[in-house]
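Novice: Per the working numbering, the very first residue in the sequence shown carries number -3; after that it's consecutive. C-beta: ideal position from N, C-alpha, C; glycine also. No experiment lies behind these values; they were computed from the predicted model shown.
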Amino acid sequence: MSAETSVPRPRESGVDISDSGLLQGLLSQSPFAFAFFDPQGRFERVDEVFANVVGLPAERLVGRVPGELLSADLTALIEGSVRSMVGGASVDGDQRIRVRTAGGETHHWSLTFSPIHDDKGALRAICLVGVDITDSRQVEEDLRRSEERYRSLVEAQSQLVWITAPNGVVEEDAPQWRAITGQGLEEYLTHGWLEAVHPDDRPHTEEAWREALRGRIMFEWSYRVRTRASGYRHFEVRAVPIIRHNRVVEWVGANTDVTPQREAEEMRGRLTDQLGAAALRTARLQGATALLAEALTVEQVVQVIIDVGRTALAADRSAVALLDVDRAALKLVNSGGIPDVPGAPGEEIPLSHSSVMTMAVNSRRPVFAESPDSLRAQLVDAGGDDDSVTGFIAHSDERAWVGLPLLAAGRALGALRFSFTRPQKISQEDGVFLEALAGQCALAVERATLFEREHRTAETLQRSLLPDRLPVVRGLVLAQRFRSGSRHVQVGGDWYDAFVLQDGRVAAVVGDVMGKGVKAAAGMGRIRNAMRALALTNPPPAAVLTGLDRVFEATEEEEQVTTLAYMVVEPGTGEGTLALAGHPPPLLVSPEGVPILCDGEPGTPLGWPTSRRQFRFCVPPGHTAVLYSDGLVENRKRGLDAGLADLCSVVTEAPAEVVGSPHMLLDFLVDRMLSGYEQDDDVTVLAIHVPAATKSD
-3 MSAETSVPRP RESGVDISDS GLLQGLLSQS PFAFAFFDPQ GRFERVDEVF
47 ANVVGLPAER LVGRVPGELL SADLTALIEG SVRSMVGGAS VDGDQRIRVR
97 TAGGETHHWS LTFSPIHDDK GALRAICLVG VDITDSRQVE EDLRRSEERY
147 RSLVEAQSQL VWITAPNGVV EEDAPQWRAI TGQGLEEYLT HGWLEAVHPD
197 DRPHTEEAWR EALRGRIMFE WSYRVRTRAS GYRHFEVRAV PIIRHNRVVE
247 WVGANTDVTP QREAEEMRGR LTDQLGAAAL RTARLQGATA LLAEALTVEQ
297 VVQVIIDVGR TALAADRSAV ALLDVDRAAL KLVNSGGIPD VPGAPGEEIP
347 LSHSSVMTMA VNSRRPVFAE SPDSLRAQLV DAGGDDDSVT GFIAHSDERA
397 WVGLPLLAAG RALGALRFSF TRPQKISQED GVFLEALAGQ CALAVERATL
447 FEREHRTAET LQRSLLPDRL PVVRGLVLAQ RFRSGSRHVQ VGGDWYDAFV
497 LQDGRVAAVV GDVMGKGVKA AAGMGRIRNA MRALALTNPP PAAVLTGLDR
547 VFEATEEEEQ VTTLAYMVVE PGTGEGTLAL AGHPPPLLVS PEGVPILCDG
597 EPGTPLGWPT SRRQFRFCVP PGHTAVLYSD GLVENRKRGL DAGLADLCSV
647 VTEAPAEVVG SPHMLLDFLV DRMLSGYEQD DDVTVLAIHV PAATKSD
């Protein structure tokens, strides 16, 4: 924008510049700078404003040419314009020049040159009129700088500015917008910015834009914009109405490219998801490891693997097979892990048969088949029959498979098989998780296999050391119950025995060698055999326990703890003698079902230096004496004192027919005492019943 600084030209006729009074009055009242030149270019008259501009007195200028007194640039401008007018040429009406005053200030002037003719049309003089445009020039400069700053700010913020009419129609070009979108000018003016919005974002964007137009409210939105490269970038837009006199005169909008922020947010989201997935996989692996650590048997390990496959992998089927090295085959442990369809392997899978499990075992590497085509290709490459493989895939509902070898110290133990009824993408992270899971499962399988082998050995040993049957003696009824802790708990050292002495009396004993496994069972065998030998040579209980102390010190380890209750009873009368070596007290049950715990000295476990004592323990006719191990009355949730109290309480609840039968009584006691508790130890019970006397007796 430029201000019109020229002034109307003076009339060219009827003016006599020789009229000093008239001219001097005109010049003295004017705010403009005036100067008159003759056709030869000499100053004829100047006003005070012009004299102040050039910094010279008016008297010194008159009669002189500009080149003698003025600066070079001002001289060139004046002399050039005067020569042009003398020659009849036209001169621009607004010529700009910068002049430095005597005080050192810079002023900008607009100069206009006009010819002055006399009545006959002859050139009489040339008139210079100057206007000080310093203030307006500063305004223009400030406006230019403001526009440049605004433009730089917009460019620095990656903003694209556009303007529309009050009704939203594009009427002005937006070069920056078109440079990004690749729209031509005609296309942009015809269809506007909405034409470049992503098709999925356009309907909602257009509706929001129309709502802003109707309500004359700020328009704020985000959408994707098609770029010149045929890709899309994310933009946020803010448009405001320009309102004058309560009317919208235009809309000004600015689009900001937020693609880097969106991409960073998406990256953060992906990283968060990956970290979350990694944490979840770690938690699942830790959970599976904890469950596998608690599994003692192969059956329990298999159940954990099935549960982990269902929960952690969302597998539809899980199968576990163990390797039979002698037969060079895998034997399925769980049924239902492989669908029963044509082409499916049976319960025994030869290693020569092509399947995901045999491939995993043979290669010692995981096998991933993410689709039926992938499975077919891998099985056929491994030597599988194409028709058989195709038939299996056609009949099976499975669509993805995972085979994992179970390896312990590089030795194959078996394989895992997980299958899915939908195609499954196995990522690298999933593969690492599955290999770690297989490693934990292999350790658990190996541990469970060793445990079961030891359990069977110890159980066989323990059973072999217990009497096959109890002696049948007139005037005495013997009964026993032995219940192993469970098939998932190692066998212990509980034992019982009963045999007839040389004098016809009966020796009865219940003992407990602390510990589990083969070691405890072997210790139990040594103590049992020694006790039999001692009892047959010197049967009094105190003498037998004293002899066992010497045997214990010679054969058993110091940390080994062994307790027992040993009694000798006379058939028919029930007269007997009892000695305890740190064992729970025997229970005497009357014919009426009244329980009486023996209050004899409990003594100390075998091997402890002590003086062994024995005391009278009578089982009157009709009564039953019960010897038992601590597994009957004590467990993780119930202490010994509470267990003894519960035992007496259970006896009082026994029906009369149960009290009168030692076999029924033992069943009743064992069932009631273990009800509601998890059995974590062997339970051994021996009953000595003296029948009531009859008339025939």
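Any contact between the segment 250 to 267 and the segment 278 to 285? By contact I mean 3 or more CB pairs, one from each, below 8 Å.
Specialist: Too few Cβ pairs lie closer than 8 Å, so no.
Novice: For a quick check, are the C-beta atoms of A561 and V496 less than 8 Å apart?
Specialist: For A561 and V496, no; Cβs fall outside 8 Å.
Novice: Report yes if the C-beta of T186 is less than 7 Å from at least one heavy atom of the ligand FAD; otherwise report no.
Specialist: Looking for the ligand FAD in the displayed structure turns up nothing, as the structure carries no ligands at all.
Novice: Could you tell me which uninterrupted beta strand (DSSP E) segments, each at least 3 residues in length, are contained entirely in the segment 201 to 284, listed from first to last along the chain?
Specialist: Runs found: 215 to 222, 228 to 240, 243 to 253.
Novice: When burial is assigned at 16 or more other CB atoms within 10 Å of the CB, is I238 buried or exposed?
Specialist: Exposed.
Novice: Please report the distance separating the alpha-carbon of R92 from that of P199.
Specialist: Going by the C-alpha atoms only, they are around 55 Å apart.
Novice: Identify whether P62 lies in helix, strand or coil by the three-state DSSP scheme.
Specialist: Three-state result, P62: helix.
Novice: Just the Cα atoms here: how many angstroms apart are G489 and S586?
Specialist: Cα to Cα, G489 sits roughly 30 Å from S586.
Novice: In its own chain, which residues sit with a C-beta less than 6 Å from the C-beta of L371, not counting the 5 before and 5 after it?
Specialist: Within the same chain, L371 has close Cβ partners A365, W397.
Novice: From which residue to which residue does the beta strand (DSSP E) around A68 run?
Specialist: No beta strand (DSSP E) holds A68; the alpha helix (DSSP H) holding it covers 68 to 82.
Novice: What do you reckon, are the CB atoms on L749 and A434 nearer than 8 Å?
Specialist: As shown, the chain starts at -3 and ends at 693. That puts residue 749 outside it, with no answer to give.
Novice: Over the uninterrupted beta strand (DSSP E) stretch that includes H104, give me the two end residues.
Specialist: Start and end: 102 to 113.
Novice: Quick one: which unbroken beta strand (DSSP E) runs of 3-plus residues sit fully inside the segment 343 to 419? Chain order, please.
Specialist: Qualifying beta strand (DSSP E) stretches, in chain order: 344 to 346, 363 to 365, 396 to 404, 407 to 416.
Novice: For G51, which residues from the same chain have a beta carbon less than 8 Å from its beta carbon, with the 5 sequence-adjacent residues on both sides left out?
Specialist: Closer than 8 Å at the Cβ level, and outside the excluded window around G51, lie T97, A98.
Novice: Does the segment 330 to 349 come within contact of the segment 382 to 400, defined as at least 3 CB pairs closer than 8 Å?
Specialist: At 8 Å Cβ cutoff, the stretches touch.
Novice: On a CA-only basis, which of F664, L662, S625, P111 is nearest D676? Give me that one, please.
Specialist: Per the Cα distances, S625.
Novice: Report the residue ranges of all alpha helix (DSSP H) runs contained in full by the segment 458 to 538; include only those spanning at least 4 residues, in chain order.
Specialist: Taking only runs of at least 4 residues, the alpha helix (DSSP H) segments lying wholly in the segment 458 to 538 are 513 to 533.
Novice: Below 8 Å, how does it come out for the segment 597 to 616 and the segment 646 to 666: are there three or more Cβ pairs, yes or no?
Specialist: Contact fails: fewer than three Cβ-Cβ distances are below 8 Å.
Novice: For the segment 627 to 639 against the segment 550 to 569, are there 3 or more C-beta pairs whose distance is under 8 Å?
Specialist: Touching, no.
Novice: For L309 and F414, which I take to be in contact (beta-carbon distance under 8 Å), what is that distance rounded to the nearest angstrom?
Specialist: Right, the Cβ-Cβ distance comes to about 6 Å (below 8 Å), so this counts as a contact.
Novice: Quick one: what does DSSP say V679 is sitting in, helix, strand or coil?
Specialist: Looking at V679 - three-state DSSP - the assignment turns out to be strand.
Novice: Use the C-beta contact count for P401: other C-beta atoms within 10 angstroms, 16 or more gives buried, fewer gives exposed.
Specialist: Looking at its Cβ environment, which holds 16 or more other Cβ atoms inside 10 Å, P401 is buried.
Novice: On a CA-only basis, which of G672, E425, E183 is nearest L271? Give me that one, please.
Specialist: The shortest Cα separation from L271 among G672, E425, E183 belongs to E425.
Novice: Kindly give me the distance between the Cβ atoms of V629 and P580, rounded to whole angstroms, as I take these residues to be in contact under 8 Å.
Specialist: So it is a contact: roughly 6 Å between Cβ atoms.
Novice: Select from E653, A652, V647, V622 the residue whose C-alpha is nearest the C-alpha of H685.
Specialist: Minimum Cα distance to H685 is reached at V622.
Novice: Spell out the partners DSSP gives K327 in its beta bridges.
Specialist: According to DSSP, which records beta bridges pairwise, K327 is partnered with L318, E344.
Novice: Since I believe V45 is in contact with W105 (beta carbons under 8 Å), could you give me their beta-carbon distance rounded to a whole number of angstroms?
Specialist: So it is not a contact: roughly 10 Å between Cβ atoms.
Novice: Relative to the C-alpha of D382, which residue among D393, R395, P368, E394 is closest?
Specialist: When each option's Cα is compared against that of D382, the closest is P368.
Novice: With C-beta atoms as the reference, is L466 less than 8 Å away from G410?
Specialist: No.
Novice: Assign A689 to buried or exposed, taking buried as 16 or more other Cβ atoms, counted over all protein chains shown, within 10 Å of its Cβ.
Specialist: Its Cβ having fewer than 16 others within 10 Å, A689 is exposed.
Novice: Report yes if the C-beta distance between A260 and V221 is below 8 Å; otherwise report no.
Specialist: Going by C-beta atoms, A260 is not nearer than 8 Å to V221.
Novice: When the Cα atoms are used, what is the spatial distance from L328 to S480?
Specialist: C-alpha separation (whole angstroms): 28 Å.
Novice: Answer with buried or exposed for R418, where buried requires no fewer than 16 other C-beta atoms within 10 angstroms of its C-beta.
Specialist: By the neighbour-count rule (16 or more Cβ atoms within 10 Å), R418 is not buried but exposed.
Novice: Exposed or buried, which one is Y184 when buried takes at least 16 other CB atoms within 10 Å?
Specialist: Burial call: buried.
Novice: How about A577 and L593: are their beta carbons less than 8 Å apart?
Specialist: Not in contact: A577 and L593 (Cβ atoms no closer than 8 Å).
Novice: Extract the residue ranges of the beta strand (DSSP E) inside the segment 594 to 645, only unbroken runs of 3 or more that lie entirely within it.
Specialist: As far as the segment 594 to 645 is concerned, its whole beta strand (DSSP E) runs of at least 3 residues are 620 to 624.
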